[in-house]
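These notes are about the structure you will find just below.
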Amino acid sequence: MIVAYGFANLLQSVAAARTTVHHTFDPGLLLRLASHRTYLVGLICQMTGFVLAFLARRDLPLFLVQASVAAGLGVTALLGVLVLKWRLPVAEILLLVLLFAGITALVLAAEPAPSRQLGAAGLAGLAAALVVIAVLGFFSARLRGAPGSVALGSLAGMAFSAAAVAARPLASADSAEAFVRDPLLYLLIAHSVVGQLLLGLAMQRGSTTAAVAAMDAAGAVPAAIIGLLLLNDRIWPGREWLAGVGFLATLVSVVGLTRYAAPQHQHTTARDRKHPMIAAGTAARPRR
């Protein structure tokens, strides 16, 4: 799951860097991104990670699964260094180490347990969140540069967080018919599509790590809180301190990556976009 999300972040960022920058909340961006083979491969990786995360949410608490999704950022950074010759500051390297240490602590603290079901109020809350995120995304799409990356990435994280909340009880469906008829499935799809659009917009505006770190930071806290309060997420007795330290370390690391990440994309012109996929590495080199 972690590796799949890491590859997805990298490949989708390359495609976003080679697509004309959008300053509106235009769903057509997803169609333009889909014209890039690089993006489609990245989308397949993301769907693989999503399926694995969905299955994990059946019994594992959201604070652990969401933190594991966030760990994909570390894989993205390492792949960027090895494949695209990104140069990460020492601060980012230390934060990546902290990120993996935090996730290790969460793995040791998490107690597997089935989810409770969300009631009508929970469904209404997820629907309202979808509207709010979309409206905020409409206005945030006008932002440029690093502020745009962070704002849009944060909103993408909130959308994916809501999708995770919907997925936790949905994964416990006892039949295919119950799965298809559950309103949570369609809320999950809607939040995922909105989150994907927002993430694509965020990646166009600067650093991949900034966009993804903002997404993970904004998505981790709401899902963790809702999971513990409403969805029967559990911590092994006596390990509450370990869960707290691990979650704090994870959150600090992704927020820190947002602060220290430097722009890594040079957006291409229409002429550049005529080049084959192998040229994607050139489009995503650092500006340094």
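Sequence positions in the sequence shown follow the working numbering and run 3 to 290.
Even for Gly, the Cβ is constructed at its ideal location relative to N, Cα and C.
Please read these numbers as outputs of a predicted model, since none were measured by experiment.
With 16 other CB atoms within 10 Å as the buried threshold, where does residue i fall?
| i | result |
| --- | --- |
| L12 | buried |
| P171 | buried |
| A123 | exposed |
| R290 | Low per-residue confidence applies at R290: pLDDT is 41, beneath 50, and the placement is therefore not dependable, though the value from the model is reported in the following sentence. With fewer than 16 other Cβ atoms within 10 Å, it is exposed. |
| L250 | exposed |
| L120 | buried |
| D218 | buried |
| P63 | buried |
| T39 | For clarity, residue 39 is Arg in the given sequence; the question names Thr instead. Label assigned to R39: exposed. |
| F140 | exposed |
| Y41 | buried |
| A180 | exposed |
| A10 | buried |
Using DSSP with H/G/I as helix, E/B as strand and the rest coil, what is residue i?
| i | result |
| --- | --- |
| R236 | strand |
| S37 | coil |
| Q48 | helix |
| D61 | coil |
| A148 | helix |
| R207 | coil |
| Q198 | helix |
| Q268 | Model confidence at Q268 stands at a pLDDT of 45, short of 50, so the residue's coordinates are unreliable and nothing is read from them. |
| L90 | coil |
| R118 | coil |
| M217 | helix |
| A10 | helix |
| A158 | helix |
| A129 | helix |
| A166 | helix |
| A73 | coil |
| A192 | helix |
| A103 | helix |
| A173 | coil |
| E242 | helix |
Which partner residues of residue i appear in the DSSP bridge assignment?
| i | result |
| --- | --- |
| A112 | I237 |
Below 9 Å between beta carbons: does that hold for residue i and residue j?
| i | j | result |
| --- | --- | --- |
| L244 | H193 | no |
| A216 | V152 | yes |
| I135 | L200 | yes |
| A126 | G221 | no |
| A107 | Q48 | no |
| V196 | L132 | yes |
| G104 | L231 | no |
| D176 | P116 | no |
| R207 | G147 | yes |
| G155 | A225 | no |
| M3 | A69 | no |
| G248 | A130 | no |
Inter-stretch contact (C-beta, 8 Å, three-pair minimum) for the segment 232-250 and the segment 74-88: Contact fails: fewer than three Cβ-Cβ distances are below 8 Å.
Taking three-plus beta-carbon pairs below 8 Å as touching, is the segment 183-198 in contact with the segment 162-171? Counting Cβ pairs under 8 Å, three or more are found: they touch.
Determine contact between the segment 145-164 and the segment 96-115, defined as no fewer than three beta-carbon pairs at a distance below 8 Å. Contact between the segment 145-164 and the segment 96-115 is absent: fewer than three C-beta pairs spanning the two stretches fall below 8 Å.
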